[in-house]
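Q: Letter by letter, the sequence shown follows residues 0 to 338 in numbering that gives the first Met the number 0.
Beta carbons are placed, not taken as given, at the ideal position from N, Cα and C, and that holds for glycine.
Only a predicted model underlies this, so the values are computations on that prediction, with no experimental measurement involved.
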Amino acid sequence: MPKMRAVEVAHAGGPLEIVEREIPEPEPGTVRIKVQACGICHSDTVTKDGLFPGIQYPRVPGHEVIGLIDAVGQNVPRWTVGQRVGVGWNGGYCGYCDSCRKGNFFACETSTQVTGVTRDGGYADYMIAPSSALALVPEQLSAEEAAPLMCAGVTTFNCLRNSGARPGDVVAVIGLGGLGHLGIQFAAKSGFNTVAIGRGKDKEALARKLGASHYIDTAAQDPAAELLKLGGAKVILATVTSADAMKAVIGGLMPTGTLMIVGAVPSLEVPALQLLLKSQQVKGWYSGTSFDSQETLAFSVLSGVRSMNESYPLEKVVEAYERMEQGKARFRVVLTMEK
Ligand SMILES: [Zn+2]
Ligand SMILES: [Zn+2]
Numbered sequence: 000m001p002k003m004r005a006v007e008v009a010h011a012g013g014p015l016e017i018v019e020r021e022i023p024e025p026e027p028g029t030v031r032i033k034v035q036a037c038g039i040c041h042s043d044t045v046t047k048d049g050l051f052p053g054i055q056y057p058r059v060p061g062h063e064v065i066g067l068i069d070a071v072g073q074n075v076p077r078w079t080v081g082q083r084v085g086v087g088w089n090g091g092y093c094g095y096c097d098s099c100r101k102g103n104f105f106a107c108e109t110s111t112q113v114t115g116v117t118r119d120g121g122y123a124d125y126m127i128a129p130s131s132a133l134a135l136v137p138e139q140l141s142a143e144e145a146a147p148l149m150c151a152g153v154t155t156f157n158c159l160r161n162s163g164a165r166p167g168d169v170v171a172v173i174g175l176g177g178l179g180h181l182g183i184q185f186a187a188k189s190g191f192n193t194v195a196i197g198r199g200k201d202k203e204a205l206a207r208k209l210g211a212s213h214y215i216d217t218a219a220q221d222p223a224a225e226l227l228k229l230g231g232a233k234v235i236l237a238t239v240t241s242a243d244a245m246k247a248v249i250g251g252l253m254p255t256g257t258l259m260i261v262g263a264v265p266s267l268e269v270p271a272l273q274l275l276l277k278s279q280q281v282k283g284w285y286s287g288t289s290f291d292s293q294e295t296l297a298f299s300v301l302s303g304v305r306s307m308n309e310s311y312p313l314e315k316v317v318e319a320y321e322r323m324e325q326g327k328a329r330f331r332v333v334l335t336m337e338k
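(1) Kindly indicate the opening and closing residues of the beta strand (DSSP E) around D216.
(2) Going by beta-carbon coordinates alone, are V153 and L236 separated by less than 8 angstroms?
(3) Check whether the region 29 to 42 and the region 112 to 130 are in contact - that is, three or more C-beta pairs closer than 8 angstroms.
(4) So which residues put a beta carbon under 5 angstroms from any heavy atom of ligand 1, going in chain order?
(5) For R198, collect the residues of the same chain with a Cβ closer than 8 angstroms to its Cβ; drop the 5 residues on either side in sequence, then sort them by chain order.
(6) Just confirm the distance between the C-beta atoms of C93 and T109, as a whole number of angstroms; I'd bet it's less than 8 angstroms.
(7) Strictly by DSSP, which residues pair up with S310?
(8) Give the DSSP-derived three-state secondary structure of E268 in the structure shown.
(9) Within the same chain, show all residues whose beta-carbon is closer than 7 angstroms to that of P48, passing over the 5 residues directly before and after it, in chain order.
(10) From G91 to I196, what does the alpha carbon distance come to, in whole angstroms?
(11) Got a list of residues with beta-carbon closer than 7 angstroms to any non-hydrogen atom of ligand 3, in chain order?
(12) If you follow the alpha helix (DSSP H) that Y320 is part of, which residue opens it and which one closes it?
(13) Quick one: using the 10 Å Cβ neighbour count with 16 as the cut-off for buried, is V234 buried or exposed?
(14) Fully enclosed by the region 145 to 196, which alpha helix (DSSP H) runs are 4 residues long or longer?
(15) Is it buried or exposed, R58, if we count other Cβ atoms within 10 angstroms and call 16 or more buried?
(16) Determine the DSSP secondary structure at D383, reduced to helix, strand or coil.
(17) Does the beta-carbon distance from G179 to V136 come in below 8 angstroms?
(18) Look at the Cβ atom of C40, then the Cβ atom of C150, and state whether they are nearer than 8 angstroms.
(19) Judging by CA-CA distance, which residue of Q280, R4 and V248 is the nearest neighbour of A123?
(20) Rounded to the nearest angstrom, how far is the Cβ of E63 from that of N308, given a contact under 8 angstroms?
(21) Could you give the C-beta distance for W88 and S42, rounded to a whole number, given that I count them as a contact under 8 angstroms?
(22) Please report the straight-line C-alpha distance between P270 and E337, rounded to a whole angstrom.
(23) Looking at C-alpha atoms only, which residue of V75, D69 and P76 is the closest neighbour of Q82?
(24) Run the CB neighbour count on M391, radius 10 Å, all protein chains shown included, and call it buried at 16 or more, exposed below.
(25) Between the C-alpha atoms of L175 and K202, what's the straight-line distance to the nearest angstrom?
(26) In whole angstroms, what is the alpha-carbon distance linking L313 and N161?
(27) With burial defined as no fewer than 16 other Cβ atoms inside 10 Å of the residue's Cβ, what is the status of K188: buried or exposed?
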């Protein structure tokens, strides 16, 4: 049997280990992908550390996958060998449950699949993915460029385009990390009056290079007061995982404004009186499904939005993962599979 390399987590909290596995065959409704690149996302910690309910081991992490379809299972219309595809966090849905029938594919009730969590992901030479999880990758993007767009990209782009903001509106992005550096670009390219909010004067040049029209340094300024000077934010995109950072800006929303949360904080205290008096909202946002990812890739080609990445070969997965986990990466980490 032909073999492949895969990075396995053997048990919750276990190390990332490169093992040899048989190359899997695609079951009906799925395709096999020869992986070219896979991003390392902070959410991969749910696999490594056993934070997802019911997760089973051994498991291969990775939900920012780009590669070529190299085998197609039965009952897979439209997809063919040789197409370049991406797979993100949403690893497929049934299409017939009540959530799917309502169009809420991300909340599928019967066969919710999470790439690299409930099924093996892209830290490997090959992976199997349901056809409902596939996004077509435009040829203008390299595999390394496209990979982070499958999670960090779709999360920020899809959140912003569904936030209710219109061109010209003040849109603030908190954080200049892996999500934030993409969020600022998407906001600016969408025609929003884009405000980057970060800690420290040293981040201003980068924020402006990414397209921000304004920069607020939370070490020296009150971000809520600064946003109100601009008329208040229609949308604040919170990419950080700090509830305190979110609480500090929520007073900067304009009437009817929305705080959109994509940074995973366990809980957040909100000023209920302010929200009701100003008809404001606090809203969470699920990243998106495969077609949202496909549209994220297409918009990135159209507008020139690119993820800034550090690339590592698969053999250096432990070092690469540490860069992500320690928050040292500028700004996303990508594994490449070429030997
Ligand atoms: Zn992710
Ligand atoms: Zn469903």
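A: Looking at the coordinates:
(1) H213 to D216
(2) no
(3) yes
(4) C40, S42 and C150
(5) D216, T217 and A218
(6) 5 angstroms
(7) V333
(8) coil
(9) The displayed chain sequence assigns Asp, not Pro, to residue 48. Here the set comprises A11 and G12.
(10) 35 angstroms
(11) Of the ligands this structure carries, namely ligand 1 and ligand 2, none is ligand 3.
(12) V316 to E324
(13) buried
(14) 151 to 160 and 179 to 188
(15) buried
(16) The requested residue 383 does not occur in the structure, where the chain is confined to residues 0 to 338.
(17) no
(18) yes
(19) R4
(20) The pair is not a contact, with the Cβ atoms about 10 angstroms apart (cut-off 8 angstroms).
(21) 7 angstroms
(22) 51 angstroms
(23) D69
(24) A question about residue 391 goes unanswered here, because the residues of the chain that appear run from 0 up to 338.
(25) 8 angstroms
(26) 35 angstroms
(27) buried
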